[in-house]
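A short worksheet on the structure shown next.
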Amino acid sequence: IKAELSVVYGESAPSFAIVKRWITEFETAWLMNDERSGRPTTAITDNIEKIHEILKDCRIKVREIAETVDISKERVCHILTEESGMRKLTACLVPRLLTVDQKRIRMNISNFQGPVGAVRRNKSDFLYRLITVNGTWIHYFILETKEQSKQWTAKDFVFIDYFKKDKTITGIYFALLMDKLKAKIVKKVMFHQDDAPFHTSSFALAKIY
75 IKAELSVVYG ESAPSFAIVK RWITEFETAW LMNDERSGRP TTAITDNIEK IHEILKDCRI
135 KVREIAETVD ISKERVCHIL TEESGMRKLT ACLVPRLLTV DQKRIRMNIS NFQGPVGAVR
195 RNKSDFLYRL ITVNGTWIHY FILETKEQSK QWTAKDFVFI DYFKKDKTIT GIYFALLMDK
255 LKAKIVKKVM FHQDDAPFHT SSFALAKIY
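Using the numbering used here, read the sequence shown as starting at 75 and increasing by one per residue.
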């Protein structure tokens, strides 16, 4: 039966587990659904949690998720797009907007491990200990006005490195910059940077930690 359905419906065919359940219900003459107010909230929540656990591999196929969780592919798509707010980009499932859980995690990190917690612990020392990392293009032929040249800083720039044109910043190069930065600071600092590849390379992280 599963093979015949696959021939007709292709990837839209129900999974083997669903076909097996249909056969069992048919053999027991259970052909009608009981009256109910709707799908139990706990069942929906359980399925969402299971799918999120599986999505640690964001390139997994919807069919594989359906077979693992034992629900239809249509239900998986609904949970991914409607319940979890995700969409598929170049065969990779990613969040369109942060979910409630993701927002809560980021808030907790900011409050206890990040800048918000640091401000609460020591307001006067916070700005002098926070070091942010940023890269920008510098064009010799563009003259900025005094207003355009202003930068937000608590005291002064800690360290500036000029990188030549047509070069690529690598993890090794960035790790060497950490040595130069270390010579400029005399006390522990909070290091804030984005997730650029050379920031998160094994060489850079080993140097920071």
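The C-beta atom is built at its ideal place from N, Cα and C for all residues, glycine as well.
{"Asked": "Option in Glu85, Phe90, Ser276 with minimal Cα separation from isoleucine 75", "Found": "Phe90"}
{"Asked": "Proximity below 8 Å, CB of serine 284 to CB of lysine 147", "Found": "Nothing in the structure corresponds to residue 284, since the chain is present only between 75 and 283."}
{"Asked": "Among Leu251, Leu255, Ala140, the one whose alpha carbon lies nearest that of phenylalanine 277", "Found": "Leu251"}
{"Asked": "Spatial neighbours of isoleucine 97 in its chain, beta-carbon cut-off 6 Å, leaving aside the 5 residues before and after", "Found": "none"}
{"Asked": "Inter-residue spacing [alpha-carbon to alpha-carbon] between valine 150 and glutamate 99", "Found": "22 Å"}
{"Asked": "Local conformation of histidine 273 per DSSP, three classes", "Found": "coil"}
{"Asked": "8 Å contact criterion, which asparagine 121 and valine 93 should meet: CB distance rounded", "Found": "The pair is not a contact, with the Cβ atoms about 19 Å apart (cut-off 8 Å)."}
{"Asked": "Cβ-based burial, proline 88 [other Cβ within 10 Å; buried from 16]", "Found": "buried"}
{"Asked": "C-alpha distance - aspartate 175 paired with isoleucine 134, whole-angstrom precision", "Found": "21 Å"}
{"Asked": "With 16 other Cβ atoms within 10 Å as the buried cut-off, status of isoleucine 179", "Found": "exposed"}
{"Asked": "Valine 255 to phenylalanine 233 span [Cα, whole Å]", "Found": "Looking at the sequence provided, one finds leucine at residue 255 rather than valine. Going by the C-alpha atoms only, they are around 6 Å apart."}
{"Asked": "Alpha-carbon spacing of lysine 124 relative to lysine 177, whole angstroms", "Found": "20 Å"}
{"Asked": "Counted within 10 angstroms of its Cβ, other Cβ atoms place isoleucine 139 as buried (16 or more) or exposed", "Found": "buried"}
{"Asked": "Proximity to tyrosine 247 [Cα-Cα], best of His273, Lys239, Asp240", "Found": "His273"}
{"Asked": "For glycine 245, the first and last residue of its enclosing alpha helix (DSSP H)", "Found": "245 to 256"}
{"Asked": "Distance between glycine 84 and threonine 242 (C-alpha atoms, nearest Å)", "Found": "46 Å"}
{"Asked": "Neighbourhood of phenylalanine 237 by C-beta, 7 Å cutoff - its chain only, sequence neighbours within 5 removed", "Found": "Ile243"}
{"Asked": "Same chain, Cβ closer than 6 Å to alanine 249, five either side skipped, listed in chain order", "Found": "Phe277, Ala278, Lys281"}
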